[in-house]
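Novice: Before I ask anything, here is the structure I am working with.
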Amino acid sequence: MEICLIGGGNHTNNELREVFLELSKMIKPEAKILIIPFATDKSRYESWMASITQAFSIMENVSIELLNEDLSGKEMKKSIIEHDILYFIGGKPERLIHVIEEKGLTPIIKNFQGLIIGYSAGSLAFGHDCIITKDKDYPETTVIKGLGLVGFSVEVHYEDNNIDRELLPLSNERKIYAIPNGSAVFCKNGELYKGINDIYSFQNMKKEIVNSKVL
975 MEICLIGGGN
985 HTNNELREVF
995 LELSKMIKPE
1005 AKILIIPFAT
1015 DKSRYESWMA
1025 SITQAFSIME
1035 NVSIELLNED
1045 LSGKEMKKSI
1055 IEHDILYFIG
1065 GKPERLIHVI
1075 EEKGLTPIIK
1085 NFQGLIIGYS
1095 AGSLAFGHDC
1105 IITKDKDYPE
1115 TTVIKGLGLV
1125 GFSVEVHYED
1135 NNIDRELLPL
1145 SNERKIYAIP
1155 NGSAVFCKNG
1165 ELYKGINDIY
1175 SFQNMKKEIV
1185 NSKVL
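Here my numbering is used: the first residue of the sequence shown is 975, the next is one more, and so on.
Structural data, given as C-alpha coordinates:
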(Lines of atoms letter the chains of each structure in order from A and count residues from 1; the text may use other names and numbers.)
(Lines give C-alpha, C1' and ligand atoms only; values in the text may rest on other atoms or scores of the structure.)
Protein backbone atom coordinates (compact mmCIF):
# COMPACT_ATOMS: atom_id res chain seq x y z
CA MET A 1 0.00 0.00 0.00
CA GLU A 2 1.22 3.48 -0.88
CA ILE A 3 -0.14 6.50 0.94
CA CYS A 4 0.07 10.22 0.19
CA LEU A 5 -0.81 12.74 2.90
CA ILE A 6 -1.48 16.26 1.60
CA GLY A 7 -1.47 19.15 4.07
CA GLY A 8 -4.00 21.25 2.16
CA GLY A 9 -4.08 23.84 -0.58
CA ASN A 10 -6.16 24.92 -3.55
CA HIS A 11 -6.93 22.19 -6.10
CA THR A 12 -7.77 24.69 -8.83
CA ASN A 13 -4.62 26.81 -9.01
CA ASN A 14 -0.91 25.91 -8.93
CA GLU A 15 -0.64 25.54 -5.15
CA LEU A 16 -0.76 21.73 -5.36
CA ARG A 17 1.03 21.49 -8.72
CA GLU A 18 4.15 19.68 -7.43
CA VAL A 19 2.08 17.24 -5.41
CA PHE A 20 -0.11 16.27 -8.37
CA LEU A 21 2.90 16.05 -10.68
CA GLU A 22 4.38 13.50 -8.28
CA LEU A 23 1.06 11.64 -8.14
CA SER A 24 0.93 11.62 -11.95
CA LYS A 25 4.14 9.55 -11.95
CA MET A 26 2.45 6.95 -9.75
CA ILE A 27 -1.01 6.79 -11.32
CA LYS A 28 -1.44 4.66 -14.42
CA PRO A 29 -3.60 5.67 -17.40
CA GLU A 30 -7.24 4.58 -17.09
CA ALA A 31 -6.96 4.46 -13.27
CA LYS A 32 -10.24 4.46 -11.33
CA ILE A 33 -10.32 6.98 -8.47
CA LEU A 34 -12.89 6.81 -5.68
CA ILE A 35 -13.55 9.96 -3.64
CA ILE A 36 -14.32 9.27 0.04
CA PRO A 37 -16.32 12.40 1.03
CA PHE A 38 -17.51 11.56 4.55
CA ALA A 39 -15.57 14.38 6.25
CA THR A 40 -17.75 17.03 4.66
CA ASP A 41 -21.43 17.87 4.26
CA LYS A 42 -23.34 16.43 1.30
CA SER A 43 -24.11 19.96 0.08
CA ARG A 44 -20.42 20.38 -0.76
CA TYR A 45 -19.98 17.16 -2.72
CA GLU A 46 -20.49 18.80 -6.12
CA SER A 47 -17.91 21.55 -5.59
CA TRP A 48 -15.39 19.05 -4.25
CA MET A 49 -15.87 16.79 -7.26
CA ALA A 50 -15.39 19.72 -9.64
CA SER A 51 -12.13 20.89 -8.04
CA ILE A 52 -10.66 17.38 -7.68
CA THR A 53 -11.58 16.51 -11.25
CA GLN A 54 -9.70 19.60 -12.40
CA ALA A 55 -6.64 18.66 -10.35
CA PHE A 56 -6.53 15.14 -11.81
CA SER A 57 -7.05 16.41 -15.36
CA ILE A 58 -3.26 16.41 -15.88
CA MET A 59 -3.41 12.60 -15.84
CA GLU A 60 -4.38 10.38 -18.73
CA ASN A 61 -7.99 9.20 -18.90
CA VAL A 62 -8.52 8.65 -15.19
CA SER A 63 -12.10 8.19 -14.03
CA ILE A 64 -13.41 9.76 -10.83
CA GLU A 65 -16.39 8.54 -8.83
CA LEU A 66 -17.80 9.63 -5.47
CA LEU A 67 -18.67 7.08 -2.78
CA ASN A 68 -22.26 7.86 -1.79
CA GLU A 69 -22.79 7.91 1.97
CA ASP A 70 -26.28 6.45 1.54
CA LEU A 71 -24.92 3.12 0.27
CA SER A 72 -24.84 0.12 2.56
CA GLY A 73 -21.55 -1.02 4.04
CA LYS A 74 -21.56 -4.01 1.66
CA GLU A 75 -22.07 -1.76 -1.38
CA MET A 76 -19.28 0.57 -0.19
CA LYS A 77 -16.85 -2.32 0.21
CA LYS A 78 -17.64 -3.53 -3.32
CA SER A 79 -16.99 -0.05 -4.70
CA ILE A 80 -13.68 0.27 -2.85
CA ILE A 81 -12.46 -3.06 -4.23
CA GLU A 82 -13.35 -1.99 -7.78
CA HIS A 83 -11.13 1.13 -7.66
CA ASP A 84 -7.38 1.71 -7.91
CA ILE A 85 -7.11 4.88 -5.80
CA LEU A 86 -8.96 6.18 -2.75
CA TYR A 87 -9.02 9.95 -2.19
CA PHE A 88 -10.16 11.14 1.26
CA ILE A 89 -11.21 14.80 1.16
CA GLY A 90 -11.15 17.49 3.84
CA GLY A 91 -13.66 18.63 6.43
CA LYS A 92 -14.13 17.17 9.90
CA PRO A 93 -11.87 14.18 10.61
CA GLU A 94 -14.04 12.91 13.45
CA ARG A 95 -17.01 12.66 11.08
CA LEU A 96 -14.92 10.80 8.50
CA ILE A 97 -13.68 8.28 11.07
CA HIS A 98 -17.18 7.80 12.51
CA VAL A 99 -18.77 6.95 9.14
CA ILE A 100 -15.92 4.60 8.18
CA GLU A 101 -16.25 2.73 11.47
CA GLU A 102 -20.05 2.74 11.35
CA LYS A 103 -19.99 1.18 7.88
CA GLY A 104 -17.31 -1.35 8.87
CA LEU A 105 -14.83 -0.10 6.26
CA THR A 106 -11.63 0.07 8.34
CA PRO A 107 -10.39 -3.48 7.57
CA ILE A 108 -10.93 -3.19 3.82
CA ILE A 109 -9.19 0.20 3.73
CA LYS A 110 -6.23 -1.17 5.70
CA ASN A 111 -5.95 -4.06 3.23
CA PHE A 112 -6.38 -1.89 0.12
CA GLN A 113 -3.60 -2.64 -2.36
CA GLY A 114 -3.77 0.55 -4.40
CA LEU A 115 -2.85 4.16 -3.68
CA ILE A 116 -4.54 5.98 -0.80
CA ILE A 117 -4.50 9.79 -0.75
CA GLY A 118 -5.55 11.98 2.16
CA TYR A 119 -6.21 15.70 1.87
CA SER A 120 -6.37 17.86 5.03
CA ALA A 121 -8.82 16.09 7.37
CA GLY A 122 -8.36 12.96 5.27
CA SER A 123 -4.67 13.00 6.18
CA LEU A 124 -5.43 13.63 9.85
CA ALA A 125 -7.57 10.50 9.99
CA PHE A 126 -4.79 8.21 8.70
CA GLY A 127 -2.69 8.23 11.90
CA HIS A 128 -2.98 5.85 14.83
CA ASP A 129 -3.76 9.04 16.76
CA CYS A 130 -5.75 11.75 15.00
CA ILE A 131 -4.71 15.11 16.46
CA ILE A 132 -7.21 17.92 15.97
CA THR A 133 -5.48 21.16 16.99
CA LYS A 134 -7.50 24.11 18.18
CA ASP A 135 -8.63 26.70 15.65
CA LYS A 136 -11.77 28.65 14.80
CA ASP A 137 -13.75 25.39 14.52
CA TYR A 138 -12.25 23.56 17.52
CA PRO A 139 -11.84 25.47 20.82
CA GLU A 140 -9.44 22.91 22.28
CA THR A 141 -6.85 20.50 20.93
CA THR A 142 -8.09 16.92 21.09
CA VAL A 143 -6.65 13.51 20.26
CA ILE A 144 -8.95 10.76 19.00
CA LYS A 145 -8.37 7.27 17.64
CA GLY A 146 -7.46 7.36 13.96
CA LEU A 147 -7.60 4.70 11.27
CA GLY A 148 -4.05 3.49 11.94
CA LEU A 149 -2.89 3.50 8.31
CA VAL A 150 0.44 5.09 9.31
CA GLY A 151 2.45 4.97 12.52
CA PHE A 152 2.66 8.72 13.05
CA SER A 153 0.31 11.69 13.38
CA VAL A 154 0.08 14.83 11.26
CA GLU A 155 -0.80 18.48 11.55
CA VAL A 156 -2.29 19.97 8.36
CA HIS A 157 -2.44 23.53 7.00
CA TYR A 158 0.71 24.23 9.04
CA GLU A 159 1.85 27.80 8.48
CA ASP A 160 3.45 29.35 11.56
CA ASN A 161 4.83 28.68 15.02
CA ASN A 162 1.66 29.54 16.92
CA ILE A 163 0.53 25.92 17.03
CA ASP A 164 3.97 24.59 18.09
CA ARG A 165 3.10 24.93 21.77
CA GLU A 166 0.28 22.44 21.14
CA LEU A 167 2.37 20.03 19.06
CA LEU A 168 5.55 19.92 21.13
CA PRO A 169 4.01 18.35 24.28
CA LEU A 170 2.08 15.87 22.12
CA SER A 171 5.34 14.84 20.43
CA ASN A 172 6.52 13.23 23.67
CA GLU A 173 4.26 10.26 22.96
CA ARG A 174 4.29 10.16 19.16
CA LYS A 175 5.99 11.50 16.04
CA ILE A 176 4.10 14.27 14.28
CA TYR A 177 4.65 15.64 10.78
CA ALA A 178 3.39 19.19 10.25
CA ILE A 179 2.44 19.64 6.58
CA PRO A 180 1.80 23.12 5.14
CA ASN A 181 -0.56 23.81 2.25
CA GLY A 182 1.04 22.70 -1.01
CA SER A 183 3.19 20.10 0.74
CA ALA A 184 2.80 16.33 1.08
CA VAL A 185 4.51 13.22 2.39
CA PHE A 186 4.55 9.81 0.72
CA CYS A 187 4.70 6.45 2.53
CA LYS A 188 5.13 2.88 1.42
CA ASN A 189 4.42 -0.01 3.76
CA GLY A 190 4.17 2.47 6.61
CA GLU A 191 7.56 4.12 5.99
CA LEU A 192 8.04 7.68 4.76
CA TYR A 193 10.18 7.87 1.66
CA LYS A 194 9.50 11.25 0.07
CA GLY A 195 8.37 14.76 0.89
CA ILE A 196 7.08 17.44 -1.48
CA ASN A 197 8.06 20.95 -0.36
CA ASP A 198 8.90 21.74 3.25
CA ILE A 199 7.49 19.68 6.08
CA TYR A 200 8.33 19.70 9.78
CA SER A 201 8.78 16.88 12.26
CA PHE A 202 7.97 17.04 15.96
CA GLN A 203 9.38 14.32 18.21
CA ASN A 204 10.53 14.22 21.83
CA MET A 205 9.69 17.92 22.29
CA LYS A 206 11.93 18.90 19.35
CA LYS A 207 10.99 20.47 16.02
CA GLU A 208 13.01 19.95 12.84
CA ILE A 209 12.49 20.99 9.23
CA VAL A 210 12.48 18.16 6.69
CA ASN A 211 12.96 19.60 3.22
CA SER A 212 14.71 16.77 1.39
CA LYS A 213 12.96 15.08 -1.51
CA VAL A 214 14.08 11.78 -0.01
CA LEU A 215 13.51 11.38 3.72
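The beta carbon of each residue, even a glycine, is placed where N, CA and C say it ideally should be.
1) Note down, in chain order, each residue of its chain lying with its Cβ closer than 6 angstroms to the Cβ of Cys1161, except the 5 sequence neighbours on either side.
2) Tell me the DSSP secondary structure of Ser1025 in three-state form.
3) So Asp1138 is in the alpha helix (DSSP H); what residue range does that whole segment cover?
4) Identify whether Ser1157 lies in helix, strand or coil by the three-state DSSP scheme.
5) Cβ atoms of Ile1009 and Ile1054: under 9 angstroms apart, would you say?
6) Is the beta carbon of Asp1138 sitting closer than 9 angstroms to the one on Phe1176?
7) Beta carbon of Leu1121, beta carbon of Ala1095: below 9 angstroms?
8) Let me check one thing: in DSSP terms, what residues is Thr1116 bridge-paired to?
9) From Thr1027, Leu1045, Pro1003 and Ile1063, pick the residue whose C-alpha is nearest to that of Glu1034; which is it?
10) Please list, in chain order, all residues of the same chain as Asn1178 whose beta carbon is under 8 angstroms from its beta carbon, the five residues on each side excluded.
11) State the Cα-Cα distance for the pair Ile1059 and Cys1104, rounded to the nearest angstrom.
12) Can you check DSSP and say which residues form a bridge with Ile1074?
13) State the CB to CB distance for the pair Ala1152 and Glu1182, rounded to an integer number of angstroms; the pair is presumed to be in contact (CB under 8 angstroms).
14) Just mark Lys1108 as buried or exposed, buried being the case when its beta carbon has 16 or more other beta carbons within 10 Å.
15) Is Glu1056 near the ligand NAP, in the sense that its beta carbon is under 8 angstroms from a heavy atom of that ligand?
16) Consult DSSP for Ile1001 and reduce its assignment to one of helix, strand or coil.
17) In whole angstroms, give me the CA-to-CA distance for Asn988 and Tyr1019.
18) In the DSSP output, what is Ala1152 paired with across the bridge?
Specialist: Let's see:
1) Along the sequence shown, one-based indexing puts residue 1161 at 187. The answer, listed in chain order, is Ile977 and Val1124.
2) Position 51 of the sequence shown holds residue 1025. Three-state result, Ser1025: helix.
3) As a working note, residue 1138 is residue 164 in the sequence shown. Element bounds for Asp1138: Asp1138 to Leu1144.
4) The sequence position of residue 1157 within the sequence shown is 183, counting from 1. The answer is coil: DSSP assigns Ser1157 none of H, G, I, E or B.
5) Numbered from its first residue, the sequence shown carries residue 1054 at position 80. Numbered from its first residue, the sequence shown carries residue 1009 at position 35. No, the Cβ-Cβ distance between Ile1054 and Ile1009 is not below 9 angstroms.
6) For the purposes of this step, residue 1138 is identified with residue 164 of the sequence shown, where counting begins at 1. For the purposes of this step, residue 1176 is identified with residue 202 of the sequence shown, where counting begins at 1. Yes, Cβ-Cβ distance for Asp1138 and Phe1176 is below 9 angstroms.
7) Your numbering for residue 1121 matches position 147 in the sequence shown. Your numbering for residue 1095 matches position 121 in the sequence shown. Not a contact, by the Cβ cut-off of 9 angstroms.
8) The residue you call residue 1116 lines up with position 142 of the sequence shown. In DSSP, Thr1116 forms a bridge with Ile1106.
9) Walking along the sequence shown from the start, residue 1034 turns up at place 60. Residue Pro1003 is the option with its Cα nearest to Glu1034.
10) Along the sequence shown, one-based indexing puts residue 1178 at 204. Counting only Cβ-Cβ distances below 8 angstroms, and skipping sequence neighbours, we find Ser1145 and Asn1146.
11) Position 85 of the sequence shown, counted from the first residue, corresponds to residue 1059. Position 130 of the sequence shown, counted from the first residue, corresponds to residue 1104. If I take the Cα positions, the gap works out to 22 angstroms.
12) For the purposes of this step, residue 1074 is taken as the residue at position 100 of the sequence shown. Ile1074 is not bridged to any residue.
13) Along the sequence shown, one-based indexing puts residue 1152 at 178. Along the sequence shown, one-based indexing puts residue 1182 at 208. At roughly 10 angstroms, the Cβ-Cβ gap does not stay under 8 angstroms, so Ala1152 and Glu1182 are not in contact.
14) Counting from one through the sequence shown, the residue named residue 1108 turns up at place 134. Counting Cβ neighbours within 10 Å, Lys1108 comes out exposed, since fewer than 16 surround it.
15) Among the ligands in the structure shown, none appear at all, so the ligand NAP cannot be discussed.
16) Taking the sequence shown and counting its residues from 1, one reaches residue 1001 at position 27. Of the three classes helix, strand and coil, the one that applies to Ile1001 here is coil, per DSSP.
17) Locating residue 988 in the sequence shown gives position 14, counting from the first residue. Locating residue 1019 in the sequence shown gives position 45, counting from the first residue. Roughly 22 angstroms separates the two Cα atoms.
18) Position 178 of the sequence shown holds residue 1152. Answer by DSSP bridge pairing, in chain order: Glu1129 and Tyr1174.
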